[in-house]
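Single-structure report; data block below.
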Amino acid sequence: MALQHPRNPFSCARRAVAEEVFSAETARVPTHALPPGEMPGEVAYQIVHDELMLDGNARLNLATFVTTYMDQYADRLMAETLDKNMIDKDEYPQTAAMEMRCVNMLSRLYHSPDPDKATGCSTTGSSEAAMLGGLALKRTWQKKRKAAGKPTDKPNLVTGINVQVCWDKFANYWDVEMRLVPMEGDRYHLSPEEAVKLCDENTIGVVVVMGSTFDGSYEDVRRMSDLLDDLEQRTGLDVPIHVDAASGGFVAPFLDPDLEWDFRVPRVQSINVSGHKYGLVYPGVGWAIWRDADALPDDLIFWVNYLGDEMPTFALNFSRPGAQVVAQYYNFLRLGVDGYRSVQQYSRDVARYVAGEIEAMGPFVLLTRGDQLPVFAFALKDGVENYTVFDVSAALRERGWQVPAYTFPKNREDLAALRIVVRRGFTFDVADLLLSDLRKQVARLETLPAPLVRQDDAGGFHH
Ligand SMILES: *Cc1c(COP(=O)(O)O)cnc(C)c1O
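So the sequence shown is numbered by the numbering used here: it starts at 10 and just counts up by one.
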């Protein structure tokens, strides 16, 4: 974000001052203990600024789903609101009002049956929103069990093994057993048929992912719901669905409006979405949206004073930045439905184009094509033995591109792939630069006698 940094603090005259301060005993900056004394702001600025040069370039980061480009008006608004605390609803009532308007807009976008009573909140990201969604499922299940005089000590949650780490955290922090459906063959996400087999009276819900982080594919919410309807008919078990739409929640409504994955499916009780992914806001905002007020148990809600009124809140954090929520509201106003559609359509067009070009290069096989999320994964064809996807990732890194390579989980640990996430700001022009670098590097890698980077040397999958 282009905040108002002092411009070029090391102009010639200033450089002399800074160099003097910086000489002798301050020549080495302490990194693990507080320095004993002060230093001029411009010196400290330059030290921090210089060190950050070693970070990757955010715009060349094709690993992240998180927004790396906003326009100048968003930058300006965020700079103006950096001091606002989201929890101070009484002091910043208009920021609070914008948050509620965003919840209303999302509730309508997701076809809530009663959007006038929209239920939801902003969060730090999808991780917090997932925790809240999961907690509501757990509490609802506990209440039903208690009312029936049944034990509540063994809750479980059913998901695909491809779920994002936030669900492992949820299960760990709140003592819920994770029941994971493994991958099989060329199925890299949840199988509703396998998921339903894992459900029992202790299942608090099934998480269905709209946009798997491994390959950008959508899971089938409608099919999952149909199979759970069938389970209910057969056994009486009523298992709800939470949709993890961290990325897809801002893609599917605009590009695939007929796809029924949201509250149009009655079994869907809650949805999490990352404002800072395809919601197009810089890192720090997500949303948790419930189908209606009944889907969120009252006893999870705390009340805070808001303009002399009591206002409900449900969150893990107390203080949180308000600027991201303001920026989300700005985006909603600025882009509207048409704007979001055209931004995401452009990203999908770029993703499909890059995927097609990579497929045509020869050594690669596509696992997905960028036609759901604007994200796709690709692997090396069988028979390519003298270099690995980890070599390809390292070779691209030489030119500044960050394209992660990673192995898949159970039962496809044998599969190693690369993934490209196309986001706003990744244009056809930039895509052509990436493709040209990839072609050059592949030609070089093909002359290798043996791989340079093997799977064991490469890091794990962190996204
Ligand atoms: C990114 C992601 C998350 C975590 O979201 P944050 O907003 O980074 O906390 C959860 N689920 C899925 C499917 C994701 O892609």
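All C-beta atoms in this analysis are idealised placements derived from N, C-alpha and C, irrespective of residue type, glycine included.
Check: residue i C-beta below 7 Å from any heavy atom of ligand 1
{"i": "Gly214", "result": "no"}
{"i": "His285", "result": "yes"}
{"i": "Asp253", "result": "yes"}
{"i": "Gln450", "result": "no"}
{"i": "Phe341", "result": "no"}
{"i": "Ser356", "result": "no"}
{"i": "Cys175", "result": "yes"}
{"i": "Phe74", "result": "yes"}
{"i": "Gly225", "result": "no"}
{"i": "Ala139", "result": "yes"}
{"i": "Thr222", "result": "yes"}
{"i": "Ser116", "result": "no"}
{"i": "Ser473", "result": "The structure shown does not extend to residue 473, since the chain is modelled only from 10 through 472, so no value can be given for it."}
{"i": "Gly158", "result": "no"}
{"i": "Gly295", "result": "yes"}
{"i": "Ala290", "result": "According to the sequence shown, residue 290 is Val rather than Ala. No, the Cβ of Val290 stays beyond 7 Å of every heavy atom of ligand 1."}
{"i": "Val218", "result": "yes"}
{"i": "Ser131", "result": "no"}
{"i": "Ser279", "result": "no"}
{"i": "Ser402", "result": "no"}
{"i": "Ser476", "result": "Summary: the structure shown does not reach residue 476, with the chain confined to residues 10 through 472, and so no result is reported for it."}
{"i": "Ser121", "result": "no"}
{"i": "Ser256", "result": "yes"}
Inter-residue CB distance, residue i and residue j (contact presumed, cutoff 8 Å)
{"i": "Val431", "j": "Val363", "result": "7 Å"}
{"i": "Thr77", "j": "Gly434", "result": "6 Å"}
{"i": "Val393", "j": "Ser402", "result": "Not really, about 14 Å apart at Cβ, beyond 8 Å."}
{"i": "Cys175", "j": "Ser136", "result": "4 Å"}
{"i": "Ala440", "j": "Ala388", "result": "Going by Cβ atoms, the distance from Ala440 to Ala388 rounds to 20 Å, so no, they are not a contact pair."}
{"i": "Ala294", "j": "Gly134", "result": "Inspection of the sequence shows that residue 294 is occupied by Val rather than by Ala. Right, the Cβ-Cβ distance comes to about 7 Å (below 8 Å), so this counts as a contact."}
{"i": "Trp410", "j": "Asp446", "result": "7 Å"}
{"i": "Val248", "j": "Leu237", "result": "5 Å"}
{"i": "Gln173", "j": "Thr222", "result": "5 Å"}
Own chain partners of residue i with C-beta closer than 6 Å, once the 5 adjacent residues on each side are dropped
{"i": "Val384", "result": "Gly225, Val430"}
{"i": "Thr322", "result": "Phe311, Val313"}
{"i": "Leu305", "result": "Thr128, Ala145, Trp299"}
{"i": "Thr456", "result": "none"}
{"i": "Phe272", "result": "Tyr119, His120, Ser121, Arg300"}
{"i": "Pro418", "result": "Ile170"}
{"i": "Lys153", "result": "none"}
{"i": "Arg117", "result": "Pro124"}
{"i": "Glu186", "result": "Asn165"}
Which residues DSSP lists as bridging residue i, in chain order
{"i": "Ile170", "result": "The partner list for Ile170 (beta bridge, DSSP) is empty, contrary to what the question assumes."}
{"i": "Leu130", "result": "First, the amino acid is wrong: residue 130 is Cys here, not Leu. Ala297."}
{"i": "Val190", "result": "Gly169"}
{"i": "Val412", "result": "Paired residues: none, contrary to the question."}
{"i": "His285", "result": "Its beta-bridge partners do not exist; DSSP assigns none."}
{"i": "Thr322", "result": "Phe311"}
{"i": "Leu427", "result": "Phe387, Ala414"}
{"i": "Pro330", "result": "Asn94"}
{"i": "Asp99", "result": "Note: Asp99 sits in no beta bridge, so no partner."}
{"i": "Phe263", "result": "Phe263 is not bridged to any residue."}
{"i": "Ile56", "result": "Answer is none; Ile56 lacks a bridge partner."}
{"i": "Gly348", "result": "DSSP lists no partner for Gly348."}
{"i": "His251", "result": "Val216, Ser279"}
{"i": "Asn70", "result": "Gln411"}
Close-in-space but distant-in-sequence residues of the same chain around residue i (CB under 7 Å, 5 per side omitted)
{"i": "Tyr287", "result": "Ser256, Phe259, Val260, Gln353"}
{"i": "Leu86", "result": "Val335, Ala336, Tyr339"}
{"i": "Gly142", "result": "His251, Ser279, Asn281, Ala297"}
{"i": "Gly65", "result": "Gln411"}
{"i": "Gly194", "result": "none"}
{"i": "Thr377", "result": "Asp224, Gly225, Ser226, Phe385, Ala386"}
Residues near residue i by beta carbon distance below 8 Å, same chain, minus five either side
{"i": "Tyr82", "result": "Tyr339, Arg343"}
{"i": "Val274", "result": "Val230, Arg231, Ser234, Ile250"}
C-beta atoms of residue i and residue j nearer than 8 Å
{"i": "Asn211", "j": "Ala254", "result": "no"}
{"i": "Gln278", "j": "Leu382", "result": "no"}
{"i": "Leu199", "j": "Glu228", "result": "yes"}
{"i": "Ile213", "j": "Asn165", "result": "yes"}
{"i": "Asp391", "j": "Val462", "result": "no"}
{"i": "Arg361", "j": "Asp380", "result": "yes"}
{"i": "Asp301", "j": "Thr168", "result": "no"}
{"i": "Met140", "j": "Ile170", "result": "no"}
{"i": "Leu454", "j": "Glu366", "result": "no"}
{"i": "Met109", "j": "Phe341", "result": "no"}
{"i": "Val218", "j": "Ala204", "result": "no"}
{"i": "Pro460", "j": "Thr416", "result": "no"}
{"i": "Leu246", "j": "Cys208", "result": "yes"}
{"i": "Met370", "j": "Arg448", "result": "yes"}
{"i": "Met320", "j": "Lys93", "result": "no"}
{"i": "Val75", "j": "Pro292", "result": "yes"}
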